[in-house]
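**Q** For the protein sequence lines, the chains are A and B, in the order given. Here the first sequence stands for residues 1 to 237, where the numbers follow this note's numbering. Here the second sequence stands for residues 1001 to 1237, where the numbers follow this note's numbering.
2 protein chains.
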Amino acid sequence: MKRSIAGGEPCVQSCADCTVRPRSICAALDQDELRQLEQLGHRLQYRSNEPVFNQEEIVTSCYNVLEGVMRLYKLLPDGRRQIVSFALPGDFLGISTTDRYAISADAVGPVVVCRFVKTLFSRFAEDRPNLLRRINEFATRELSEAQEQMVLLGRRSAEEKVACFLVKWRERLAQIDTATAITPLPMSRQDIADYLGLTIETVSRTFTKLERDGVIEIVQGGIRVADAARAEALAAA
Amino acid sequence: MKRSIAGGEPCVQSCADCTVRPRSICAALDQDELRQLEQLGHRLQYRSNEPVFNQEEIVTSCYNVLEGVMRLYKLLPDGRRQIVSFALPGDFLGISTTDRYAISADAVGPVVVCRFVKTLFSRFAEDRPNLLRRINEFATRELSEAQEQMVLLGRRSAEEKVACFLVKWRERLAQIDTATAITPLPMSRQDIADYLGLTIETVSRTFTKLERDGVIEIVQGGIRVADAARAEALAAA
DNA sequence: CGGGCGATTGACGGTCATCAAGCTGTGTGG
DNA sequence: CCACACAGCTTGATGACCGTCAATCGCCCG
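1. In terms of residues, what are the limits of the beta strand (DSSP E) holding residue 66 of chain A?
2. Report yes if the CB atom of residue 1144 of chain B is closer than 8 Å to the CB atom of residue 1090 of chain B, and no otherwise.
3. Consider the Cβ of residue 202 of chain A: report whether some Cβ of chain B lies at a distance smaller than 8 Å.
4. Establish whether the CB of residue 1004 of chain B and some CB of chain A are separated by less than 8 Å.
5. Going along the chain, which unbroken runs of the alpha helix (DSSP H) with 4 or more residues stay wholly within the segment 1146-1228 of chain B?
6. Three or more C-beta pairs under 8 Å: does that hold for the segment 92-109 of chain A against the segment 67-79 of chain A?
7. Rounded to whole angstroms, how far is the Cβ of residue 1313 of chain B from the Cβ of residue 1043 of chain B, which I believe are closer than 8 Å?
8. Where residue 1154 of chain B and residue 233 of chain A are concerned, what is the direct C-alpha to C-alpha distance, given to the nearest angstrom?
9. Here's the rule: buried if 16 or more other CB atoms are within 10 angstroms of the residue's CB, otherwise exposed. What is residue 1019 of chain B?
10. How close, in whole Å, do the beta carbons of residue 1235 of chain B and residue 1160 of chain B come, if the pair is a contact with beta carbons under 8 Å?
11. For residue 1087 of chain B, count the other beta carbons within 10 Å of its own beta carbon; 16 or more makes it buried, fewer makes it exposed. Which is it?
12. Who pairs with residue 81 of chain A in a beta bridge, going by DSSP?
13. On a Cα-Cα basis, can you pick out the residue from A:133, A:205, A:115, A:181 that is closest to residue 13 of chain A?
14. Any beta carbon of chain A sitting closer than 8 Å to that of residue 1233 of chain B?
15. Go ahead and pull the three-state DSSP assignment for residue 1044 of chain B.
16. With distances taken from CA atoms, which of B:1195, B:1220, B:1225, B:1204 is nearest residue 1084 of chain B?
17. Taking all protein chains shown into account, decide if residue 1191 of chain B is buried (16 or more other Cβ within 10 angstroms of its Cβ) or exposed.
18. Please confirm if residue 150 of chain A has its CB atom under 8 Å from at least one CB of chain B.
19. Pop quiz: residue 1057 of chain B and residue 1101 of chain B are said to be a contact at Cβ under 8 Å. What is the actual Cβ separation, rounded to whole angstroms?
20. Name, please, each residue of chain A whose Cβ falls closer than 9 Å to the Cβ of residue 1144 of chain B.
21. Residues in its own chain within less than 8 Å of residue 146 of chain A by CB, not counting five upstream and five downstream?
22. Taking 8 Å as the CB-CB limit, is residue 1127 of chain B close to chain A?
23. With a threshold of 16 other CB atoms inside 10 Å of the CB of residue 1079 of chain B, please say whether the residue is buried or exposed.
24. Assign residue 220 of chain A to one of two classes, buried (16 or more other C-beta atoms within 10 Å of its C-beta) or exposed (fewer than that).
25. What does residue 1088 of chain B pair with, by DSSP beta-bridge criteria?
26. By Cβ distance, which residues of its chain are closer than 7 Å to residue 200 of chain A, with the 5 residues on each side in sequence left out?
27. With a threshold of 8 Å between beta carbons, is residue 206 of chain A in contact with chain B?
As structure tokens, this is what we get:
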């Protein structure tokens, strides 16, 4: 009996040593507010592929991602899946104001989140313009990214999709970690396919083609961008 | 010299007789706030196909749509276009917090908007939690719609895309107008194609197929849904 | 009536999905 | 230590769906 009903395992720690705070919504809070919000948040960890919440469920919580990668997706009744986003440390899940989750979320690898009870969080935020503005920023940035993704899904070829994904993924990681020579891809080929509106076979073939063309190098658990200029040309905004 | 630099023609009127207020962000305001905001807003009209703002331009304004339909889209350097949304009366444009528009917007048919200078609007909103929460609601609803659209673009067939579009468009109009027997489609086939990630030919063929199958009837300037059940089955959420 | 634009229809081909087989690396058990 | 199984990935063969190119239609308006 290791898991609570909501899934995830508790794990103690405090805001004081929260590494993602500067990039999270919490950056909008002053010392006093931070102490108050700390009372409301609890850390949880999830194992690889463990679900965090599901489309259609009643919204009970919202989350700050602290560590790891999550996939956010929607399913069609027949099982077709579209990943709408990968969430990284600093991202906030559960902004939505409706009473049911619009998407499902699960852990790609091991994940640590800071969980808030939605009603308490909302009450905390409702009369704090600084936090509301911060949440606005997050929402509009997400919206803008969603619009970018719509262009990709609707108007780009398979090769452009893959190149675009790799370039943007690399940029996102660069904003978090110290940039590394190889770009890790913790998600499966199937995840990438479902993110790009392709099949796993097409993703695989396109990776191979990009490698043959000298644009990337496929390594264990990730890729190395061999020709950044060419990669960005393919991803041409 | 009929147009100001920003485009659009001024046209006087007041919040008192604003028909979209209950569905717009302004519904969050009390009488006093409404009077203040009225000082900041100015009505403008745009003609068919007139641009309202463009991707990459410095953000100077935000808008409430009062009448008409607008297309919101992104362009790739080579001219490929993806329409990310059609805006209807009550929608708010320019939520974005960045300094440049992420998308372009223009009038599909004649359009009336209520324009605010962005800096003044932001100053007005910044310490009003009621308005900020309302804007949050709008942003998250838009995000949710964007996610729906990603599923459509990435995972649905041409026929599903068209059926889905027609069903949702009809629902949106129903929330505004009194529902009519025929559903007007003010946008061109090209617009629909660019919204669904298809070509104009495929859209046209799919319309014809849906008509042959008795699902819809194509009429001047719109369609009539002949078999709502079948249409919704094709659009199956 | 004729020009022009948007929409429709047709013929054809390419891109990517589908189906299927083979590969690679990792963990397991003898 | 090696055989085996399994899962994820890659590769190949084939074909469907939808894009491309082109012609025609229908309608509006001068």
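Even for Gly, the Cβ is constructed at its ideal location relative to N, Cα and C. Computed from a predicted model, the values in this text were never measured in an experiment.
**A** In brief:
1. 61-67
2. no
3. no
4. Confidence in residue 1004 of chain B is poor, its pLDDT being 43 and thus under 50, which makes the residue's placement unreliable; the coordinate value appears in the next sentence. No, its Cβ sits nowhere closer than 8 Å to a Cβ of chain A.
5. 1158-1174, 1189-1196, 1200-1212
6. yes
7. Because chain B is modelled from 1001 through 1237, residue 1313 of chain B falls outside the range shown and cannot be assessed.
8. 23 Å
9. exposed
10. 7 Å
11. buried
12. A:75
13. A:115
14. no
15. strand
16. B:1195
17. buried
18. yes
19. 5 Å
20. 96, 98, 102, 103
21. 84, 85
22. yes
23. exposed
24. exposed
25. DSSP, once it has assigned bridges, lists no residue as partnering residue 1088 of chain B.
26. 189, 190, 193
27. no
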